[in-house]
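A.B. asks: The structure follows.
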Amino acid sequence: MVKARIIVRYKPGILDPEGKTIYDALRSLGFEKVEGVETGKYFEITFAGDVDKNKAKELTTDACERLLANPVIQNYSFEIVEGDR
Amino acid sequence: MRVGVVIFPGSNCDYDTYYVFKDVLKVDVSFIWHTDSDLRGYDAVILPGGFSYGDYLRAGAIARFSPVMREIVRFAKRGNPVMGICNGFQILLEAELLPGALIPNNGMRFRCEDVYIRVVNNDSIFTRGLDKGRVLKMPIAHYSGNYYADEGTIKSLEDNEQIVFQYCDSAGEVLPEANPNGSILNIAGIVNREGNILGMMPHPERASEKVLGSEDGVEIFKSLMGKV
Chain A
1 MVKARIIVRY KPGILDPEGK TIYDALRSLG FEKVEGVETG KYFEITFAGD VDKNKAKELT
61 TDACERLLAN PVIQNYSFEI VEGDR
Chain B
86 MRVGVVIFPG SNCDYDTYYV FKDVLKVDVS FIWHTDSDLR GYDAVILPGG FSYGDYLRAG
146 AIARFSPVMR EIVRFAKRGN PVMGICNGFQ ILLEAELLPG ALIPNNGMRF RCEDVYIRVV
206 NNDSIFTRGL DKGRVLKMPI AHYSGNYYAD EGTIKSLEDN EQIVFQYCDS AGEVLPEANP
266 NGSILNIAGI VNREGNILGM MPHPERASEK VLGSEDGVEI FKSLMGKV
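Protein sequence lines correspond, in order, to chains A and B.
Terminal number for the first sequence in the working numbering: 85, no gaps in between.
Terminal number for the second sequence in the working numbering: 313, no gaps in between.
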């Protein structure tokens, strides 16, 4: 079974208020070595049994472009993995 | 003139908007269901506020793929008036009928309060009844209302006078302190280049009767109806 693990994040320079708030909280907890926090979204897509890794890559790219990421403000990256993990 | 108000799963300003057209303006109005695909007979379509599809993924991201949106894109591209309020604005951006995006407010808070907006451009069908520079009071109620677009897009919005409303103070001054969400240039509403598609974050339907504290919002709908 082939899966795609996708991360969608804000493009550099786009305000990430959630990341900033978490950063502030970590600092207040004493994490002095933390220099920045960025948030993003994680998706895992499971493909049908007859989908190989190449096809999965193609389908995942299409899904990211059309729905999962908004190209105005976000970038996406993904890996295709095999197995049930 | 016949107006349609679209209902997506999770719309919650649909009845308010319907009410303003029907009872305040006495206009022929009906609901359009998100699975409908026939807009014949309609002269203008409103995408109301709310939380379509629970704001899952991104506000407006799922609604833009509703069956009715395919027809609305065609309807808009033929030059018919389409207006998106709050979540409706988010949907219009996701559908790429308007440029840019709305990201979470810079303060990480849902802002629900009256704001002032300045009419920057009265050369659109939505603002033609309003004087340029006029200050309107109406509520906002959103978490993702922080308008963002890249520099080139902002420049083209300015060059083509597509910025229609900006957040301002009660005197009409467009100041950083009057910006409730971090929007670039205090942008509260924009139109497409042709001027027939409006997206705005404030809620004019919630400011359309005296009893609600402001009647300023109804001026926008009146402009649309050509009643001014």
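A virtual CB, placed ideally from N, CA and C, is assigned to each residue, including glycine.
What is the rounded straight-line gap between the Cα of residue 70/A and the Cα of residue 55/A?
C.D. replies: Each residue's Cα considered, the two are about 22 Å apart.
A.B. asks: Listing by chain order, which chain A residues have their CB less than 9 Å from the CB of residue 262/B?
C.D. replies: None at all; the shortest Cβ gap to chain A is about 18 Å.
A.B. asks: Anyone know if the C-beta pair for residue 285/B and residue 250/B falls short of 8 Å?
C.D. replies: yes
A.B. asks: What residues from chain B crowd round residue 46/A, counting only those whose CB sits closer than 7 Å?
C.D. replies: Simply none; closest approach about 18 Å.
A.B. asks: Between the Cα of residue 40/A and those of 74/A, 83/A, 81/A and 28/A, spot the shortest distance and give me the residue it belongs to.
C.D. replies: Cα-wise, what sits closest to residue 40/A is 74/A.
A.B. asks: Take residue 219/B as the anchor and find which of 225/B, 237/B and 257/B has the nearest alpha-carbon.
C.D. replies: Ranking the options by Cα distance to residue 219/B, first place goes to 257/B.
A.B. asks: Quick check: the segment 196-216 of chain B against the segment 234-241 of chain B, are at least 3 beta-carbon pairs closer than 8 Å?
C.D. replies: The segment 234-241 of chain B vs the segment 196-216 of chain B: no contact.
A.B. asks: Give me the chain A residues within the contact set of residue 286/B, using Cβ-Cβ distance strictly less than 8 Å, ordered along the chain.
C.D. replies: Within 8 Å Cβ-Cβ: nothing; residue 286/B doesn't reach chain A, min ~16 Å.
A.B. asks: Just checking, does the segment 121-133 of chain B make contact with the segment 154-168 of chain B on the three C-beta pairs under 8 Å criterion?
C.D. replies: Between the segment 121-133 of chain B and the segment 154-168 of chain B there are three or more C-beta pairs closer than 8 Å, enough to call the two in contact.
A.B. asks: Cβ atoms of residue 178/B and residue 282/B: under 8 Å apart, would you say?
C.D. replies: Not in contact: residue 282/B and residue 178/B (Cβ atoms no closer than 8 Å).
A.B. asks: For residue 55/A, does the three-state DSSP call read helix, strand or coil?
C.D. replies: helix
A.B. asks: Which partner residues of residue 299/B appear in the DSSP bridge assignment?
C.D. replies: 294/B
A.B. asks: Give me whichever residues DSSP pairs with residue 251/B in a beta bridge.
C.D. replies: 203/B and 272/B
A.B. asks: From residue 301/B to residue 138/B, what distance separates their C-alpha atoms?
C.D. replies: Going by the C-alpha atoms only, they are around 30 Å apart.
A.B. asks: Residue 75/A versus chain B: which residues are under 7 Å apart at the beta carbon?
C.D. replies: Those within 7 Å of residue 75/A in chain B number zero; the least Cβ separation is about 13 Å.
A.B. asks: So, with DSSP's three-state summary, where would you put residue 6/A?
C.D. replies: strand
A.B. asks: Is it buried or exposed, residue 44/A, if we count other Cβ atoms within 10 angstroms and call 16 or more buried?
C.D. replies: exposed
A.B. asks: Is the shortest distance between the beta-carbon of residue 95/B and the beta-carbons of chain A less than 8 Å?
C.D. replies: no
A.B. asks: Since residue 176/B and residue 110/B are thought to touch, with beta carbons under 8 Å apart, how far apart are those beta carbons, to the nearest angstrom?
C.D. replies: Actually they do not touch by this definition, with Cβ atoms about 23 Å apart.
A.B. asks: Please name the residues in the segment 20-43 of chain A whose beta-carbon is closer than 7 Å to at least one beta-carbon of chain B, in chain order.
C.D. replies: 21
A.B. asks: When the cut-off is 8 Å and only beta carbons count, does residue 59/A lie next to chain B?
C.D. replies: no
A.B. asks: Check distances from the C-beta atoms of the segment 201-234 of chain B to those of chain A and list, in chain order, the residues that come in under 9 Å.
C.D. replies: Answer set for the segment 201-234 of chain B: 231, 233 and 234.
A.B. asks: Flag residue 189/B as yes if its beta-carbon sits less than 8 Å from any beta-carbon of chain A, otherwise no.
C.D. replies: yes
A.B. asks: Note the first and the last residue of the continuous alpha helix (DSSP H) segment covering residue 333/B.
C.D. replies: What the structure shows of chain B is the stretch from 86 to 313, and residue 333/B is not part of that stretch, so it cannot be assessed.
A.B. asks: Taking 8 Å as the threshold (beta carbon to beta carbon), is residue 186/B in contact with chain A?
C.D. replies: yes
A.B. asks: Which of the three DSSP states, helix, strand or coil, is assigned to residue 15/A?
C.D. replies: DSSP places residue 15/A in coil when its eight states are reduced to three.
A.B. asks: Alpha carbon to alpha carbon, how far is residue 115/B from residue 21/A? Give it in angstroms, no decimals.
C.D. replies: 43 Å
A.B. asks: Touching or not, the segment 16-30 of chain A and the segment 92-103 of chain B, by the rule of three or more beta carbon pairs under 8 Å?
C.D. replies: With a cut-off of 8 Å, the segment 92-103 of chain B and the segment 16-30 of chain A do not count as touching, because too few Cβ pairs lie within range.
A.B. asks: Does any C-beta atom of chain A lie closer than 8 Å to the C-beta of residue 193/B?
C.D. replies: At least one chain A Cβ lies under 8 Å of residue 193/B.
A.B. asks: Give every residue of the same chain whose Cβ lies closer than 6 Å to the Cβ of residue 168/B, excluding the five residues on either side of it in the sequence, and list them in chain order.
C.D. replies: 131 and 283
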